[in-house]
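Enquirer: Following this message is one structure expressed as structure tokens.
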Amino acid sequence: MSMLSFLTRRIIYSAFVLLGLSMVIFIIARIMPGDPARMAVGARAPQWVVDRLREQMHLNQPLAVQYFYWLQDAVRGDFGLSLVTQRPVTSDIIEFFPASLELVLFSGLLAATGGIGLGVISARYKDTWIDNVVRIFSYAGIVTPSFVFAILFVLLFGWTLHWFPILGRLSEQTPVPPLHTGLITVDALLAGRFDIFLDALRHLILPALALAMGSIAQEARITRSSMADNLNKDYISSARALGVPERIVMGRFLLKPSLIPTISILGLDIASIFSIAFLVELIFNWPGLARYGMNAMLNKDLNAISAVILVLGAVFVIVNIIVDIIVAQLDPRIRLRAGRNS
Amino acid sequence: MAESSISDQRSLGGLTAQQIKQLERASRWKNWGRSWYKFSRNPLSVVGLVTVVVLILLAIFAPVVTPYPRHAGAFTDFAHAELPPNAHYIFGTDQIGRDILTRIIFGLRSSLLMGVLVLVIVVPPGVLLGLVSGYYQGTWIDTIIMRITDIFLAVPPLILALAVASVLAPNLWNGMLAVSLMWWPWYTRLVYGLASQLRNEYFVAAAEVNGASTWHILFREILPNTISPILTKMSLDVAWVIIIGSMLSFVGLGVQPPEPSLGTMVADGARYLPDQWWIATFPALAIVIVVLGFNLLGDGVRDMFASEGV
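Quick mapping for you: the protein sequence lines, in order, are chains S and R. Oh and the first sequence: position 131 is 131 in the numbering used here, straight run, nothing missing. Oh and the second sequence: position 241 is 241 in the numbering used here, straight run, nothing missing.
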């Protein structure tokens with residue numbers, strides 16, 4: 001019950017944040033010099049066409065009224081036509097979103113497992129050469145921009161070693177499985193085609209790894225330091241003194257509380273992975289929402305830009321709520337406090 | 001008037017105001033000395049500091065220290081195009097014959113300028129909003145400021161910065177503007193957290209009952225106690241801003257050619273991989289070194305302030 005009211009409050013609050021975000025996006029879209037109606041029909045269209053379109057787009061009315069009309073359409077899922085693809089932005093988003101989602105989820109999985117794994121190893125072998133290697137790796141991961149990793153991976157694993165394909169989601173000769181979720185790996189498994197699954201996975205690995213490098217490094221650092229902090233606490237010493245097996249001390253008593261900071265920033269990581277995807281999808285020609293958004297930005301396609309940012313805003317809000325739930329499950333103090341307040 | 005009533009009370013222990021000022025100055029120097037000692041105990045911090053100083057000097061004196069200053073602009077020399085690294089061109093030349101080392105050093109200018117200027121633009125308003133909303137925690141002022149902050153924090157700064165940069169004309173200044181517009185909320189939230197705790201401290205209450213002005217409480221009582229976390233965040237943020245700046249120019253929304261910038265050089269050079277590997281590799285390495293330098297320096301600053309309490 002308490003969890004439910006905590007969630008309700010979070011969701012209502014998130015709706016307000018999204019409303020505010022829509023205002024910010026509307027203002028960004030309107031600060032651009034130039035006439036949106038003229039942009040939509042092109043430079044050669046006669047003036048009366050532009051005038052009629054201005055009327056249709058409510059551009060002659062005050063900004064607040066324009067925002068209201070825009071928001072009304074947006075809530076109904078109508079973001080207008082994309083200037084680049086000449087299709088409704090909404091159907092573009094529905095088409096491109098699953099590819100980005102698959103990439104970001106896989107990348108998040110790599111970040112979580114890789115980062116936590118390295119962090120645990122680093123803490124377990126603290127101040128040995130293993131620890132030092134992991135720490136140098138973390139530093140390199142943090143200071144290297146992801147587009148450099150992307151180029152490096154393409155060059156090393158794609159061109160030189162030929163281990164992985166470097167473009168797209170599937171090889172040309174591989175048939176696309178019947179799409180249910182839009183995530184090709186999942187759809188291939190649903191169709192029982194393990195060969196397609198493997199091919200999709202091989203295409204996923206390089207872009208996902210390029211996206212995840214920074215987060216792996218970050219998570220490894222955080223896990224290491226929080227485990228190192230907790231290792232010195234009294235309850236660990238007393239558990240050891242009571243003869244609890246080391247495996248249980250490390251795995252249950254130490255790891256669980258140490259993961260709370262790591263998981264809290266996993267939400268932020270998903271957000272940053274999504275934003276880096278704007279560059280990495282471009283490099284790997286990954287047909288996802290981020291590449292679509294980046295192309296929209298490079299072509300000043302305002303309808304598409306606004307829609308992509310709003311959709312991503314909604315995604316991050318949902319991710320953060322999920323992270324809150326996981327953290328509350330891991331940390332009884334938060335769960336109990338939420339209960340007491342309500 | 002409120003200010004003077006507080007400074008009058010400083011004449012304690014039979015010391016004149018003059019003597020107290022001198023003592024304060026001496027102890028401040030001592031603090032600096034102690035901080036430097038802490039900072040310099042980690043050799044990596046010193047490496048970071050030296051790297052950053054060298055990079056800044058290189059950027060400032062770029063026309064003097066580079067072998068071919070003319071290559072920084074729209075220069076072409078097809079006779080020497082696409083040369084691998086050699087004695088004349090240490091890092092080789094690009095597709096139209098310009099010295100890569102020269103262009104990297106000139107490219108440092110926009111990267112460093114971006115890193116520093118964005119923070120100069122962002123920190124004062126961000127900190128001010130955080131101070132005000134933290135001090136007035138629970139009132140409508142707090143509600144308005146922090147809800148607006150939350151909106152900007154809902155989407156990662158890179159995406160919004162890309163969006164703003166894309167609707168403006170692409171150049172260094174608009175790139176800075178775009179990043180700045182998205183960066184202030186992080187400072188507001190940091191200072192908000194600190195200020196909302198500090199407002200309950202006794203020294204703030206003491207200033208309040210002495211009739212100190214709000215201005216005095218915000219800037220003389222609360223602000224000085226938030227300086228070390230702010231400085232720590234700033235020193236770590238420079239590296240982030242430089243990475244974001246290089247990302248903007250990588251996709252063509254930052255510095256425009258022929259003006260050199262590290263991100264653009266990597267993007268251009270990537271098309272000539274793997275055969276002319278030096279065109280993209282050295283600018284990419286330069287970005288890594290710049291970011292590494294600022295990161296080491298930032299870690300050093302954090303450790304320096306770490307045990308000072310707030």
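Using N, Cα and C, we set each Cβ at its ideal position, and we do this for glycine too. Just so you know, these numbers come straight off a predicted model, no measurement behind them.
Return the residue from the list Asp-77/R, Pro-274/R and Val-204/R that minimises the CA-CA distance to Leu-161/S.
Expert: Stepping through the first sequence from its first residue, residue 161/S is reached at position 161. With distances taken between Cα atoms, Leu-161/S lies closest to Pro-274/R.
Enquirer: Check distances from the C-beta atoms of the region 231-256 of chain R to those of chain S and list, in chain order, the residues that come in under 8 angstroms.
Expert: Those would be Ala-239, Ile-243, Ser-246, Met-247, Phe-250, Val-251, Gly-252 and Leu-253, in chain order.
Enquirer: So, is the C-beta of Val-249/S closer than 8 angstroms to a C-beta in chain R?
Expert: Taking the first sequence and counting its residues from 1, the one referred to as residue 249/S is at position 249. No - not a single Cβ of chain R is within 8 angstroms of the one on Val-249/S.
Enquirer: Got a sec: is the Cβ-Cβ distance from Pro-156/R to anything in chain S below 8 angstroms?
Expert: The sequence position of residue 156/R within the second sequence is 156, counting from 1. Closer than 8 angstroms: yes.
Enquirer: Bridge partners of Leu-81/S, per DSSP?
Expert: As a first step, residue 81/S must be located in the first sequence, where it is residue number 81. Leu-81/S pairs with Pro-88/S.
Enquirer: Can you tell me whether DSSP reads Asp-94/R as helix, strand or coil?
Expert: The residue labelled residue 94/R in the question sits at position 94 within the second sequence. Coil.
Enquirer: Please report the straight-line C-alpha distance between Gly-115/R and Leu-198/R, rounded to a whole angstrom.
Expert: As a working mapping, residue 115/R is identified with position 115 in the second sequence. As a working mapping, residue 198/R is identified with position 198 in the second sequence. The straight-line gap from Cα to Cα measures roughly 30 angstroms.
Enquirer: Quick one: using the 10 Å Cβ neighbour count with 16 as the cut-off for buried, is Lys-233/R buried or exposed?
Expert: For the purposes of this step, residue 233/R is taken as residue 233 along the second sequence, with counting starting at 1. Flag for Lys-233/R reads buried.
Enquirer: Output, in sequence order along the chain, the residues in the region 276-289 of chain S whose CB is closer than 9 angstroms to any CB in chain R.
Expert: Those would be Ile-276, Phe-278, Leu-279, Leu-282 and Ile-283, in chain order.
Enquirer: Could you name the residues of the same chain whose beta carbon sits closer than 7 angstroms to that of Trp-70/S, not counting the 5 residues immediately before and after it, in chain order?
Expert: Taking the first sequence and counting its residues from 1, the one referred to as residue 70/S is at position 70. Taken in chain order, the residues that qualify are Phe-26.
Enquirer: Identify each residue in the region 171-205 of chain R for which the Cβ-Cβ distance to at least one residue of chain S is less than 8 angstroms, and report them in chain order.
Expert: Under the 8 angstroms Cβ criterion, the region 171-205 of chain R contributes no residue.
Enquirer: Taking only beta-carbon positions, decide if Gly-313/S is within less than 8 angstroms of chain R.
Expert: Against the first sequence, residue 313/S aligns to sequence position 313. Yes, contact with chain R.
Enquirer: So, with DSSP's three-state summary, where would you put Asp-195/S?
Expert: For the purposes of this step, residue 195/S is identified with residue 195 of the first sequence, where counting begins at 1. In this structure, Asp-195/S counts as helix in the three-state DSSP scheme.
Enquirer: Closest by CA to Val-24/S, which one among Tyr-67/S, Gly-108/S and Pro-36/S?
Expert: Position 24 of the first sequence, counted from the start, is the residue given in the question as residue 24/S. Nearest C-alpha to Val-24/S: Tyr-67/S.
Enquirer: Check Asp-99/R in the structure and name its three-state DSSP category.
Expert: As a first step, residue 99/R must be located in the second sequence, where it is residue number 99. Strand, per DSSP.
Enquirer: Helix, strand or coil for Ala-154/R per DSSP?
Expert: By 1-based counting over the second sequence, the position of residue 154/R is 154. In this structure, Ala-154/R counts as coil in the three-state DSSP scheme.
Enquirer: Report yes if the CB atom of Arg-103/R is closer than 8 angstroms to the CB atom of Pro-260/R, and no otherwise.
Expert: Along the second sequence, one-based indexing puts residue 103/R at 103. Along the second sequence, one-based indexing puts residue 260/R at 260. It is a contact, given that the beta carbons lie within the stated cut-off.
Enquirer: Below 6 angstroms CB to CB, which residues in the same chain sit around Asp-331/S once its five sequence neighbours on both sides are set aside?
Expert: Counting from one through the first sequence, the residue named residue 331/S turns up at place 331. Closer than 6 angstroms at Cβ, skipping near neighbours: Ile-260.
Enquirer: What number of angstroms, rounded off, separates the C-alpha of Thr-149/R from the C-alpha of His-80/R?
Expert: Here residue 149/R is taken as the residue at index 149 of the second sequence, counted from 1. Here residue 80/R is taken as the residue at index 80 of the second sequence, counted from 1. In a straight line, the C-alpha of Thr-149/R is about 52 angstroms away from that of His-80/R.
Enquirer: Would you kindly work out how many angstroms separate the C-alpha atoms of Phe-219/R and Asp-51/S, rounded to a whole number?
Expert: Taking the second sequence and counting its residues from 1, one reaches residue 219/R at position 219. Taking the first sequence and counting its residues from 1, one reaches residue 51/S at position 51. About 53 angstroms.
Enquirer: Whole angstroms is fine: what's the gap from Gly-115/S's alpha carbon to Arg-221/S's?
Expert: Here residue 115/S is taken as the residue at index 115 of the first sequence, counted from 1. Here residue 221/S is taken as the residue at index 221 of the first sequence, counted from 1. Their backbone Cα atoms lie some 8 angstroms apart in a straight line.
Enquirer: Which residues, in order along the region 129-150 of chain R, keep a beta-carbon less than 8 angstroms from a beta-carbon of chain S?
Expert: Correct list: Arg-147, Ile-148 and Asp-150.
Enquirer: Please report the straight-line C-alpha distance between Val-251/S and Ile-121/S, rounded to a whole angstrom.
Expert: Here the question's residue 251/S lines up with position 251 in the first sequence. Here the question's residue 121/S lines up with position 121 in the first sequence. Per the sequence shown, residue 251/S should be read as Gly rather than Val. Cα to Cα, the separation comes out at about 12 angstroms.
Enquirer: Please check the pair Ala-208/S and Leu-110/S, which I expect to be a contact at CB under 8 angstroms, by giving their CB distance rounded to whole angstroms.
Expert: Here the question's residue 208/S lines up with position 208 in the first sequence. Here the question's residue 110/S lines up with position 110 in the first sequence. Sure, about 6 angstroms apart at Cβ, within 8 angstroms.
Enquirer: What's the C-alpha gap between Val-65/R and Leu-58/R?
Expert: The residue given as residue 65/R occupies position 65 in the second sequence. The residue given as residue 58/R occupies position 58 in the second sequence. So the alpha carbons of these two residues sit roughly 7 angstroms apart.
Enquirer: Would you tell me roughly how many angstroms separate the C-alpha atoms of Gly-42/S and Glu-102/S, rounded to the nearest one?
Expert: For the purposes of this step, residue 42/S is taken as the residue at position 42 of the first sequence. For the purposes of this step, residue 102/S is taken as the residue at position 102 of the first sequence. The straight-line gap from Cα to Cα measures roughly 36 angstroms.
Enquirer: Alpha carbon to alpha carbon, what distance is there between Gly-108/S and Asp-269/S?
Expert: In the first sequence, counting from the first residue as 1, residue 269/S sits at position 269. In the first sequence, counting from the first residue as 1, residue 108/S sits at position 108. Using only the alpha carbons, I get a separation of about 8 angstroms.
Enquirer: Say whether the region 159-167 of chain R touches the region 219-228 of chain R, bearing in mind that this needs 3 or more beta-carbon pairs closer than 8 angstroms, one atom from each stretch.
Expert: In short, these stretches do not touch, since the Cβ pair count stays below three.
Enquirer: Does Val-327/S have its Cβ less than 8 angstroms from a Cβ in chain R?
Expert: Taking the first residue of the first sequence as 1, we reach residue 327/S at position 327. It does not: the Cβ of Val-327/S has no partner Cβ on chain R nearer than 8 angstroms.
Enquirer: Using 10 angstroms around the beta-carbon of Thr-188/R, count the other beta-carbons present and answer buried if the total reaches 16, otherwise exposed.
Expert: Taking the second sequence and counting its residues from 1, one reaches residue 188/R at position 188. So Thr-188/R counts as buried.
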